[in-house]
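**Q**
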Amino acid sequence: AVSFAFTGQASAEDVIVGLVTKTEVNPFFVKMRQAAEAQAKEKGAKLIARAGKFDGDNEGQVAAIEDLISAGAKGILLTPNNSSGMLNIIKKARDAGVLVIALDTATDPADAVDATFATDNFEAGVQQGAYARKALGDKTPIVAMLDGTPGGTVDTFRHDGYLKGFGIAEGDPAIAGAAITNGAQDKGQIGMENLLSKNGDINAVYTINEPAAAGAYAALKSFGKEADVMLTSIDGGCAGVRDVKDGKIAATVMQFPYKMAAMGVDAVVEYAATGKKPSGFVNTGSFLITDKPVDGIESKDTAWGLKNCWGD
Amino acid sequence: MKTPAPLQPIPSDSAGIVLEARNVVKRYGHMTALDGVDFELRAGEILAVVGDNGAGKSTLIKALTGAVHPDGGEILLDGEPVHFKGPLDARHRGIETVYQDLAVAPALDIASNLFLGRELRRPGIMGSVFRRLDKKRMRQEAERSMAELKFRLPSITNAVEALSGGQRQGVAVARAALFARKLVIMDEPTAALGVRETGQVLELIRAIRDRGLPVVLISHNMPNVFELADRIHIMRLGRRAAVVSPKTHSMGDVVAIMTGATRVEEARDPGV
Amino acid sequence: MKTPAPLQPIPSDSAGIVLEARNVVKRYGHMTALDGVDFELRAGEILAVVGDNGAGKSTLIKALTGAVHPDGGEILLDGEPVHFKGPLDARHRGIETVYQDLAVAPALDIASNLFLGRELRRPGIMGSVFRRLDKKRMRQEAERSMAELKFRLPSITNAVEALSGGQRQGVAVARAALFARKLVIMDEPTAALGVRETGQVLELIRAIRDRGLPVVLISHNMPNVFELADRIHIMRLGRRAAVVSPKTHSMGDVVAIMTGATRVEEARDPGV
Amino acid sequence: MSAVPVSPPEKTSGVMAKIIGVPSAGPLLVLLAFGLIFAITNPRFLATHNLSIILQQTVIIGTLAIGQTLVILTAGIDLAVGAICVLGTIIAGKLVTSGYDPALSMAFSVLVCTAAGFAAGGLISGLRLPPFIVTLGILGILTAALRLISAGGAFPVRDEFLGWTGNTLRLGGFIVTYGVLLMFVLYALVWYLLNETKWGRHVYAIGNSPEAARLVGIPVRRHLLSVYLLAGFIYGIGAWLALGRIPNADPNALQTANLDSITAVVIGGTSLFGGRGGLIGTLIGALIVGVLRNGLTLAGIDPLWQDLVTGILVIVAVALDQLSRRKG
Amino acid sequence: MSAVPVSPPEKTSGVMAKIIGVPSAGPLLVLLAFGLIFAITNPRFLATHNLSIILQQTVIIGTLAIGQTLVILTAGIDLAVGAICVLGTIIAGKLVTSGYDPALSMAFSVLVCTAAGFAAGGLISGLRLPPFIVTLGILGILTAALRLISAGGAFPVRDEFLGWTGNTLRLGGFIVTYGVLLMFVLYALVWYLLNETKWGRHVYAIGNSPEAARLVGIPVRRHLLSVYLLAGFIYGIGAWLALGRIPNADPNALQTANLDSITAVVIGGTSLFGGRGGLIGTLIGALIVGVLRNGLTLAGIDPLWQDLVTGILVIVAVALDQLSRRKG
Ligand SMILES: Nc1ncnc2c1ncn2[C@@H]1O[C@H](COP(=O)(O)OP(=O)(O)OP(=O)(O)O)[C@@H](O)[C@H]1O
Ligand SMILES: Nc1ncnc2c1ncn2[C@@H]1O[C@H](COP(=O)(O)OP(=O)(O)OP(=O)(O)O)[C@@H](O)[C@H]1O
Ligand SMILES: [Mg+2]
Ligand SMILES: [Mg+2]
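Protein chains in written order, with the numbering used here: chain V, 1 to 312; chain C, 313 to 584; chain H, 585 to 856; chain U, 857 to 1184; chain B, 1185 to 1512.
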């Protein structure tokens, strides 16, 4: 079964690193790919990247892995759309001697892959929610949820984490309504506008990512409510951190796609050279970024954030 | 859907009226295309329907075959009222029609068009169980039919859209002739035909009549009408202006009635 | 694109040949529709083109007007070779054509179809700067034209698809008559017309000739052809079988040549 | 695929004639009916502020749908609408960010969009390729090109002029943006073109029967080219409107604009087979979609159920339209 | 929108006749040409393992495109293909997970897909609504319903029978899955239906001219219903194949299947106006898309550039096809 995987002492130029991200649509993954490219170049490896066409494109990701095995990739870095759909193909790849590392999103079970370099998205959601609740003070919370794509692994983790951190359960009357944004700014704006038309007393807004938050901000502004609402987000893109600095977003939770990508490429190159495989879950961490810290919640300011953000 | 073998006439009370319409009305918006038309087709006759453009001839025959739904009046086949929901019902009753706009599928070939809705299946198990078309036989039949009409055809496998206007009309005429079992209605079947081909179709119409099937022939060609028709139904302004016999009336008379130069009281069947 | 005012004939050498084709060939795949046809249309004449179905008449006139591109041969207008890239070029040279399939836009109304490609604009600044259509005038003109042909029309604002077959043909004929400045070609213009309307169109054709424009008339109706034509161009199997004068030949002669019953050497222009 | 294949012509043709040029009453009635229902469900729906929000939300798709209508009337289809519009935002954004004059930048970017339309039209009319494939190909090409130009990321576009279409003004208690006004102006202009000029007549003729149009001497290919060109120009204006609404140039924006704009056109009663329909229907179609989304949120319907209800209501809308025509 | 509006009939009609029933040589030549180029770029492309991978990758879209071809041949369009197929995976998955017999569960889910097709066909033929709107509405309804059924999330489907179509067997050095074989069987069966039976003849006739079909006595509405019904059934089988490929039921899967399957059909030479084209072209069209994606990856082309190159090559493919027809 290993007939098509070139084994033996490959020189660094021969090492092909495959990267399969969820979509090309999300800047998070675009930046991850760019970081991986840069790292691969530095290490003298060749990166072949592919992505699904949309959140949930399991077939596209499976096909990408198959093609990468055919292309002779030494290792594949994967941000699985939906981990259970990937299990067969991951096994096939590993059986063929390909190192498989999950980036950003863990698989279920986690040991399906050799190693996982990721953020804990649920925890990131908790950070966002806890901050929002605390910062609201003694106001009675009325929350709007700007979700990503219903059913997505990350989307669900972040959403549930926020509610946990906020201290409410799904279906709580404090939730004024939800909208599906697919993580896009225009849909974030439309969703927020309609929710504000419905309930003008909304005072806390969960957003799946910073583009959705930017859209929400535009809507809040057009309703003249930008000052009264606790708008928070997750991602840590430089544009998002700037929005925090400008006071548009109260706080965001930063993640580190560069770090994940670079670590992944390094691991594959190392594996090619020495045959040594990484293992286990490596949390690449998440930090709450805000210039208005609240007691009892650890956070960094935007100066730190701008130094460590991704993008640009 | 059982397709009876072609050329097997459905008998009808041979002296009586095969197809009848009473006081049929059809409106298109504000336009009254048929304004209470009566119509009788007798067994074994060739009935010509003539009239100016827009007099309502095509609408009348569409109403008779279920292709349009009349707003009023009734239609009787062999004396009993029928309600055709669509042309399929009429076809099931053995009525074949050449519509003025031909009703052909342009991208399909001649044989396919000739057998459209009446496709032949292979004999034996291939046909009955596997429902396989008998393309070869359909092609041969098509070739024979078209040859009978003396058409110069490029190839029987040509798409109908690649045919000349007359050739296309030939396909529609051949189709009706092939499958009629009760009566045939032809809406200007020779309009696009050449001299020779027209002669051939006139002969075909006679042959159909001689097979015992009555024929309704719409035509603007008075010499043809007078050559063939047993009776002439004259339409004017959405009504039947008169029914005359070519034996008792001249072409001039008919044209005069048609154009309104001669008035007739509501036409009575001359009972020729 | 300057549209000259209608009814302003483009003069041509009145004794000479206005439109000529030499050895035109047109193939469709394996089928040779035109097999080296010659053709001459003289100033001021009505030239009938007759032939069996599929003889190549429509293909010939399409080749003459740029609607199809011949595979060989040449076409001359007023003695000089022309290469029409499409029907637009022919129209620019003042040639108007009634195609057999009518070339109408079914969903557009009668007036729009009559002026299709020749729309009238409002007078003054509305037309020249704002390019606004003069819908009212087009409607009135259309009403007048159709009334001249004595059609019973439901309403001038009807979509053409809601017209009877003959009415639709009337629109195409009226269009050609309205705009021709050099010559008119009509492919079976009376095929779907009633007796009265046919008479009207024959009169129209004569009127066009009397305006000084030659007319090419394709028709299967021999009496009409003999009534009108100055010369008769007979097509057979994609070639010109003969050109005869209705004065020297009888209908029987023409039909015999057309169907191949009589052989003629490659027809020479009788020079009537 | 709106000319319902199974209906005998008698049932539709009479009305078809009326639809051309005359606004179709069907979609309008549907719009009013939905509005009424939502107004009853939640009185906030009729608040002037909410109505003005719906208009603003309709601006982008509503504008793109103008070009889409033109293309569909010629029996074509445009899958690249969104991509061309985004191209406009990114080029204008890049230029302004690089310090060029905003008005010139916007003008140049409209020009580029027009050129993209021209390219599509050229392939379609010149090489006679199916519009579906050509615009799909251009969609792929632009998607990649946009990401390459913007290096993968979105970037904010903060410029007074580029954002001008998002500024609001009061019109008798009603707050509208200049973008909304511009959209209406575009509708009026293109309506005039379609209904009062030769050019528009020929669009219908080509959509009805390209062969008939050719035979009567309409320069079909050149005309098709002009249609795609104008559509591209409109998408360029759409880019300006998009920047007014979202001051952000994002290569990944407007991904569903092709389907959304086609939906507006079809709900508005224009046939995907070409030659039948009109622009006013499209405007109403775009508004119906906006009203549905807004109204359902105001009615407090869970977003999971919203897709479902929208799906049903879109079918109901067209069914009602169809019904009103049959009676008409 | 494949019947190129500007072409005079003389240029296409002769060939059109040949295309019906006879595989169009154009798409095949394009497929071979692309294969050749990729084989030169990277010898791994022709490895039997890689070829078998391409086939496997084509299974889902290739199968869905069968139903799409039928619908498009009747001048319809189906935007709900992907949603119906996903419906099948989720229902089968839910049932099996709840302990029902796998074969019965799968059969039931195919039945539900058939019913979905029936619903679409019923609305289209019964109420005479445009297929675009009906299937768009059904897409919305199903998208929501799927999320509701699966409570928002994807879930693994681990069952021997449901996954059976993903099992491989060796055919003379060539590894194929049962799914690939099943797809070919479906193509053969539907090809037979389309080309050798009355039913197929009537599909073409209706697509060509619904009015002519009605006048010659074809029960147009009932026939349309049967087409959508069969399409639904095929999407149900597609669900089984999808489970064999990815043992996972995900409400968010196959979102681009509608566009992808239409693309395969159009590249394969079938006209979006109905009545012209055929099934073999569709298979080749689906393979062309698969070969492009695989070949570009093997050539190591950056994903950003892949979209761009794919966009260009899709246009080139259809242009070549068009060219080969004009000569043919
Ligand atoms: N679908 C339609 N919608 C509206 N009006 C129609 C429709 N079909 C026919 N009409 C009108 O009904 C009248 C009768 O038309 P019909 O086709 O029956 O005439 P006809 O006698 O067959 O004429 P022709 O000799 O020209 O074929 C005409 O005035 C026509 O305009
Ligand atoms: N588009 C086409 N493709 C293939 N063959 C064609 C095409 N158009 C015409 N033909 C063939 O060319 C021959 C001549 O056709 P044409 O239309 O010129 O005949 P015609 O003399 O006008 O006949 P009619 O009197 O029936 O109108 C016919 O045999 C026809 O089948
Ligand atoms: Mg008639
Ligand atoms: Mg002809």
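Beta carbons: idealized from backbone N, C-alpha and C, even for Gly.
With a threshold of 6 Å on Cβ separation, who are the neighbours of H/I769 within its own chain once the five nearest residues in sequence on each side are excluded?
**A** Here residue 769 of chain H corresponds to residue number 185 of the third sequence, with the count starting at 1. Cβ within range, chain order: I645, T681, V800.
**Q** Is there at least one non-hydrogen atom of ligand 1 closer than 8 Å to the beta-carbon of H/R736?
**A** For this step, residue 736 of chain H is matched to residue 152 along the third sequence. For ligand 1, at least one heavy atom lies less than 8 Å from the Cβ of H/R736.
**Q** Entirely within the stretch 404 to 457 of chain C and at least 4 residues each: give me those alpha helix (DSSP H) ranges in chain order.
**A** You should have 422 to 426, 436 to 440.
**Q** Suppose contacts are defined by Cβ-Cβ distances below 9 Å. Is H/D636 in contact with C/R456 by that definition?
**A** On the third sequence, position 52 is the one that residue 636 of chain H refers to. On the second sequence, position 144 is the one that residue 456 of chain C refers to. No, the Cβ-Cβ distance between H/D636 and C/R456 is not below 9 Å.
**Q** Any residue with its C-beta under 7 Å from a non-hydrogen atom of ligand 4 counts. Can you list them all in chain order?
**A** In chain order, the hits are C/S476, C/G477, C/G478, H/K641, H/S642, H/Q684, H/D771, H/E772, H/I802.
**Q** So, does the CB of C/T409 fall closer than 9 Å to a CB anywhere in chain B?
**A** Residue numbering aside, residue 409 of chain C sits at position 97 when the second sequence is read from its first letter. For C/T409, the answer is yes, since a Cβ of chain B falls inside 9 Å of its Cβ.
**Q** Which residue comes first and which comes last in the alpha helix (DSSP H) that contains U/A972?
**A** Here residue 972 of chain U refers to the residue found at position 116 when the fourth sequence is read from its first residue. Unbroken alpha helix (DSSP H) run through U/A972: 958 to 977.
**Q** Hey, how far is the Cα of U/V968 from the Cα of B/T1447?
**A** Here residue 968 of chain U corresponds to residue number 112 of the fourth sequence, with the count starting at 1. Here residue 1447 of chain B corresponds to residue number 263 of the fifth sequence, with the count starting at 1. If I take the Cα positions, the gap works out to 27 Å.
**Q** Beta-carbon of V/V62 versus every beta-carbon of chain B: anything under 9 Å?
**A** Position 62 of the first sequence, counting from 1, holds the residue named residue 62 of chain V. So, interface residue.
**Q** Does the CB of U/L1160 have a neighbour CB from chain V at under 9 Å?
**A** Translated into positions along the fourth sequence, residue 1160 of chain U becomes position 304. It does: the Cβ of U/L1160 has a partner Cβ on chain V nearer than 9 Å.
**Q** When Cβ atoms are compared, which residues of the stretch 1379 to 1391 of chain B fall closer than 8 Å to chain C?
**A** Under the 8 Å Cβ criterion, the stretch 1379 to 1391 of chain B contributes E1380, T1381, K1382, W1383, R1385, H1386, Y1388, A1389.
**Q** Using 10 angstroms around the beta-carbon of V/A12, count the other beta-carbons present and answer buried if the total reaches 16, otherwise exposed.
**A** Along the first sequence, one-based indexing puts residue 12 of chain V at 12. The pLDDT assigned to V/A12 is 42, lower than 50, so where the model puts this residue is not dependable; a value taken from the coordinates is nonetheless given after this. That one is exposed.
**Q** Would you grab the beta carbon distance between B/G1479 and B/F1229 for me? Rounded to a whole angstrom, and I think it's under 8 Å.
**A** Walking along the fifth sequence from the start, residue 1479 of chain B turns up at place 295. Walking along the fifth sequence from the start, residue 1229 of chain B turns up at place 45. With 8 Å as the limit, B/G1479 and B/F1229 qualify as a contact, their Cβ atoms being about 6 Å apart.
**Q** Starting from the beta carbon of U/L1071, find every residue of chain H whose beta carbon is closer than 8 Å, and list them in chain order.
**A** For the purposes of this step, residue 1071 of chain U is taken as the residue at position 215 of the fourth sequence. In chain order: A651, P671, T681, Y683, A687.
**Q** What are the residues that DSSP puts in a beta bridge with V/T21?
**A** The residue you call residue 21 of chain V lines up with position 21 of the first sequence. Answer is V/A51.
**Q** Could you please tell me which residues of the stretch 145 to 164 of chain V, in chain order, have their CB closer than 7 Å to any CB of chain B?
**A** Those residues of the stretch 145 to 164 of chain V that come within reach of chain B (Cβ to Cβ, closer than 7 Å) are T149, P150, G151, G152, T156.
**Q** Applying a beta-carbon distance threshold of less than 9 Å, which residues of chain V neighbour B/D1434?
**A** Looking up residue 1434 of chain B in the fifth sequence gives position 250. Going along chain V in sequence order, the residues near B/D1434 (Cβ under 9 Å) are G56, N58, N81, N82, S84, G85, G151.
**Q** Measure the C-alpha to C-alpha separation of U/L1085 and U/Y1091 and round it to an integer number of angstroms.
**A** Walking along the fourth sequence from the start, residue 1085 of chain U turns up at place 229. Walking along the fourth sequence from the start, residue 1091 of chain U turns up at place 235. If you take the alpha carbons of U/L1085 and U/Y1091, they lie about 10 Å apart.
**Q** Which residues in chain B have a C-beta closer than 7 Å to the C-beta of U/T999? List them in chain order.
**A** Position 143 of the fourth sequence, counted from the start, is the residue given in the question as residue 999 of chain U. Neighbours of U/T999 on chain B, chain order: D1491.
**Q** To which residues does DSSP link V/L146 through a beta bridge?
**A** Taking the first sequence and counting its residues from 1, the one referred to as residue 146 of chain V is at position 146. According to DSSP, which records beta bridges pairwise, V/L146 is partnered with V/A179, V/T207.
**Q** Within 9 Å of any Cβ in chain U, is that where the Cβ of B/L1263 sits?
**A** Counting from 1 along the fifth sequence, the entry for residue 1263 of chain B is found at position 79. Cβ-Cβ to chain U under 9 Å: yes for B/L1263.
**Q** So which residues of chain H does C/T571 contact, with C-beta pairs closer than 8 Å?
**A** Working through the second sequence from its first residue, we reach residue 571 of chain C at position 259. What C/T571 touches in chain H: V779, R780.
**Q** Say the cut is 8 Å; is the CB of H/G635 nearer than that to a heavy atom of ligand 2?
**A** Working through the third sequence from its first residue, we reach residue 635 of chain H at position 51. For ligand 2, at least one heavy atom lies less than 8 Å from the Cβ of H/G635.
**Q** Can a CB atom of chain H be found closer than 9 Å to the CB of U/R1132?
**A** Locating residue 1132 of chain U in the fourth sequence gives position 276, where the first residue counts as 1. Judged by the 9 Å Cβ criterion, U/R1132 is in contact with chain H.
**Q** Would the beta-carbon of B/P1340 fall within 9 Å of that of V/G52?
**A** Start at 1 with the first residue of the fifth sequence, and residue 1340 of chain B comes out as number 156. Start at 1 with the first residue of the first sequence, and residue 52 of chain V comes out as number 52. No. Outside cutoff.
**Q** Rounded to a whole number of angstroms, what is the C-alpha to C-alpha distance between C/D413 and U/R984?
**A** Along the second sequence, read from residue 1 onward, the residue named residue 413 of chain C stands at position 101. Along the fourth sequence, read from residue 1 onward, the residue named residue 984 of chain U stands at position 128. Straight-line Cα distance between these residues: approximately 29 Å.
**Q** Taking 8 Å as the cut-off, is the beta-carbon of C/N470 closer than that to any non-hydrogen atom of ligand 2?
**A** Here residue 470 of chain C corresponds to residue number 158 of the second sequence, with the count starting at 1. For ligand 2, at least one heavy atom lies less than 8 Å from the Cβ of C/N470.
**Q** Given that a residue counts as buried once 16 or more other Cβ atoms are within 10 Å of its Cβ, and exposed if not, what is H/T832?
**A** Translated into the one-based positions of the third sequence, residue 832 of chain H becomes position 248. Looking at its Cβ environment, which holds fewer than 16 other Cβ atoms inside 10 Å, H/T832 is exposed.
**Q** On a CA-only basis, which of V/A38, V/A132, V/P27, V/G152 is nearest V/I297? Give me that one, please.
**A** Along the first sequence, one-based indexing puts residue 297 of chain V at 297. When only C-alpha atoms are compared, the closest one is V/A132.
**Q** Are the beta-carbon atoms of H/I792 and H/P773 separated by less than 9 Å?
**A** Numbered from its first residue, the third sequence carries residue 792 of chain H at position 208. Numbered from its first residue, the third sequence carries residue 773 of chain H at position 189. Cβ atoms of H/I792 and H/P773: not closer than 9 Å.
**Q** Starting from C/A553 and walking both ways along the beta strand (DSSP E), at which residues does that stretch end?
**A** By one-based count along the second sequence, residue 553 of chain C stands at place 241. From DSSP, the beta strand (DSSP E) with C/A553 extends over 551 to 556.
**Q** Please name the residue in V/V20, V/K74, V/L231 whose C-alpha comes closest to that of V/F54.
**A** As a first step, residue 54 of chain V must be located in the first sequence, where it is residue number 54. Checked all of V/V20, V/K74, V/L231; the closest Cα to V/F54 is V/V20.
**Q** Select from the stretch 1330 to 1342 of chain B all residues with a C-beta closer than 8 Å to any C-beta belonging to chain V, and list them in chain order.
**A** Answer in chain order: R1331, S1334, G1336, G1337, A1338, F1339, P1340.
**Q** Ligand 1 heavy atoms versus the CB of C/M547: any closer than 8 Å?
**A** Here residue 547 of chain C corresponds to residue number 235 of the second sequence, with the count starting at 1. Yes, since a heavy atom of ligand 1 falls inside the 8 Å radius drawn around the Cβ of C/M547.
**Q** Taking the alpha carbon of B/I1322 as the point to measure from, which residue in B/Y1284, B/V1364, B/A1264, B/M1290 has its own alpha carbon closest?
**A** Taking the fifth sequence and counting its residues from 1, one reaches residue 1322 of chain B at position 138. Taking only the C-alpha atoms, the option nearest B/I1322 is B/A1264.
**Q** What did DSSP end up calling V/G343 once you bin it into helix, strand or coil?
**A** The question about residue 343 of chain V has no answer here: the residues shown for chain V are numbered 1 through 312.
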